[in-house]
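A.B. asks: I'd like to ask some things about the structure below.
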Amino acid sequence: MPRVLLTNPIHPELQSVLAAQCDLVLAPDTSAATLKRLVADAEGLVVRAQLPPDLFDHAPRLRAIVRHGVGLDMIPVAGATARGIPVANLPGSNTQTVVEYCLAAMLHLRRGLATLDSRLRSEGWAAARPLADRGTELAGGTCGIVGVGAIGARLAAVTGALGMRVLGLTRRPDNLPPGVLAADKATLFAQSDVVVLCCPLTEQTRGLVDAATVDAMKPGAILINVSRGPVIDTGAVLRALGEGRLGGAALDVHDRQPLAGNEPVFDAPNLLLTPHVAGISDTSMRAMSEQAIATLMALLRGERPSNVVNTEVFR
0 MPRVLLTNPI HPELQSVLAA QCDLVLAPDT SAATLKRLVA DAEGLVVRAQ
50 LPPDLFDHAP RLRAIVRHGV GLDMIPVAGA TARGIPVANL PGSNTQTVVE
100 YCLAAMLHLR RGLATLDSRL RSEGWAAARP LADRGTELAG GTCGIVGVGA
150 IGARLAAVTG ALGMRVLGLT RRPDNLPPGV LAADKATLFA QSDVVVLCCP
200 LTEQTRGLVD AATVDAMKPG AILINVSRGP VIDTGAVLRA LGEGRLGGAA
250 LDVHDRQPLA GNEPVFDAPN LLLTPHVAGI SDTSMRAMSE QAIATLMALL
300 RGERPSNVVN TEVFR
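At position 285 of the sequence shown the residue is numbered 284 (numbering that gives the first Met the number 0), and the sequence of numbers has no breaks.
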């Protein structure tokens, strides 16, 4: 059976399914040294962690790489392509889970239910009830979506159904879904009550939300980042929160991961922090693991799945 390396565990039930089809190796950690050592005799690789840029120099037998998810910034795709190794991802596999995270973050920041619950438990009814006066509705506001791919399009449908006006910033404005108005960067950030970043990390999006962009946002607006940490200037966001210019922010992704616990983000007000889990639920993990196994085994059988991103390796 082919040897397959997992950088991290996948859904436990599906991991057993994969183990029945291959010689499965689970990395004990995701350090560069460990991954380089274990990939040496691997024919397949399932990726849930950042790969070192020179990993494929240590993988003479590698024939297939599958990203357990969507974003490809964890994989040096050009290096794989140069060695003729196909790389696949799983488009749409966690779209609904990410969209529901975004909606939960919006409601968390606009209605403050966790704060209400805490105050009611600690100080009583009379102390908690006035906090509701600070809440605001999403309906009637504007949601700006940066990156209107599968996730952005689904989020647009959900926020539109809630009664929000939806603006979209994308490389292909002619292909925006119905109900989404094309906007340039300046217009989107100036007019949106909620800005959601769900674009991929590229050289064009790195640092996209700089200090000037944050300063141009509407007073009281909220910012949600489910893209990648380097898309925003985190310091600028923290300053705007500290000065009360932003109404809140939710950061699921960070400049360096994992967070150590002593970063400035932990001291910022009105900031929801989560550990890169917007796309993770039991539902999405099962779907991603199922698709990852199907794609990996197809590649190892010599087939050409439609979700391979570097199709030039088949020429």
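Don't be surprised by glycine CBs; every beta carbon is placed ideally from N, CA and C.
Report all residues from its chain with a CB closer than 6 Å to the CB of A277; omit the five preceding and five following residues, and keep chain order.
C.D. replies: Same-chain partners within the cutoff: V97, Y100, V225 and D251.
A.B. asks: Please name the residue in R2, V3, I9 and L5 whose C-alpha comes closest to that of M284.
C.D. replies: When only C-alpha atoms are compared, the closest one is I9.
A.B. asks: Figure out for me which residue from R171, G162, C197 and H67 has the closest Cα to the Cα of I292.
C.D. replies: Nearest C-alpha to I292: H67.
A.B. asks: Just reading off the alpha helix (DSSP H) that V213 is part of, what are its end residues?
C.D. replies: V213 -> alpha helix (DSSP H) spans A210 to D214.
A.B. asks: Taking the beta strand (DSSP E) that C142 falls in, what are its first and last residues?
C.D. replies: First-last of the beta strand (DSSP E) with C142: T141 to V145.
A.B. asks: If we ignore side chains and look at the alpha-carbon of each, how far apart do V3 and I144 end up?
C.D. replies: Near 38 Å, if we compare the C-alpha coordinates of I144 and V3.
A.B. asks: Is the segment 223-242 close to the segment 201-212, with three or more CB pairs under 8 Å?
C.D. replies: Touching, per the Cβ criterion.
A.B. asks: With which residues is D22 paired in a DSSP beta bridge?
C.D. replies: For D22, which the question treats as bridged, DSSP gives the partners R2.
A.B. asks: Which one or two residues does DSSP pair with G178 in a beta bridge?
C.D. replies: None, per the DSSP bridge assignment.
A.B. asks: For the alpha helix (DSSP H) that A127 lies in, which residues bound it at each end?
C.D. replies: Looking at the DSSP string, the run of the alpha helix (DSSP H) that includes A127 is W124 to A127.
A.B. asks: Candidates R244, R133 and S15: which alpha carbon is nearest A215's?
C.D. replies: Measuring from the Cα of A215, the nearest candidate turns out to be R244.
A.B. asks: Which same chain residues end up closer than 7 Å to L37 when comparing Cβ atoms and leaving out the 5 residues on each side of it in sequence?
C.D. replies: L4, V24 and A26.
A.B. asks: Could you tell me the distance, in whole angstroms, from the CA atom of G151 to the CA atom of L187?
C.D. replies: If you take the alpha carbons of G151 and L187, they lie about 14 Å apart.
A.B. asks: Specify, as a first and last residue, the run of the alpha helix (DSSP H) that A337 falls within.
C.D. replies: Past the edges of the chain, shown from 0 to 314, lies residue 337, and the structure says nothing about it.
A.B. asks: Per DSSP, which residues does I320 bridge with? Please list them.
C.D. replies: A query on residue 320 cannot be resolved here, the shown segment of the chain reaching from 0 to 314 and no further.
A.B. asks: So who's on the other strand from N224, going by DSSP bridges?
C.D. replies: BP columns for N224 point to L196 and L250.
A.B. asks: What does a CB cutoff of less than 7 Å around A267 pick up in its chain, not counting 5 residues either side in sequence?
C.D. replies: Only L237, L240 and G241 meet the Cβ criterion.
A.B. asks: For M163, which residues of its own chain have a beta-carbon under 7 Å away from its beta-carbon, when the five flanking residues on both sides are left out?
C.D. replies: Excluding residues within five positions, the ones whose Cβ falls inside 7 Å are L137, A138, G140, T141 and C142.
A.B. asks: In chain order, what residues of the same chain have a beta carbon less than 8 Å from the beta carbon of G70, not counting five sequence neighbours either side?
C.D. replies: Correct list, in chain order: N88, P199, L200 and R227.
A.B. asks: Hey, would you say R109 sits closer than 9 Å to G260, going by beta carbons?
C.D. replies: No.
A.B. asks: Where do the ends of the alpha helix (DSSP H) carrying V98 lie?
C.D. replies: Its alpha helix (DSSP H) spans residues T94 to R110.
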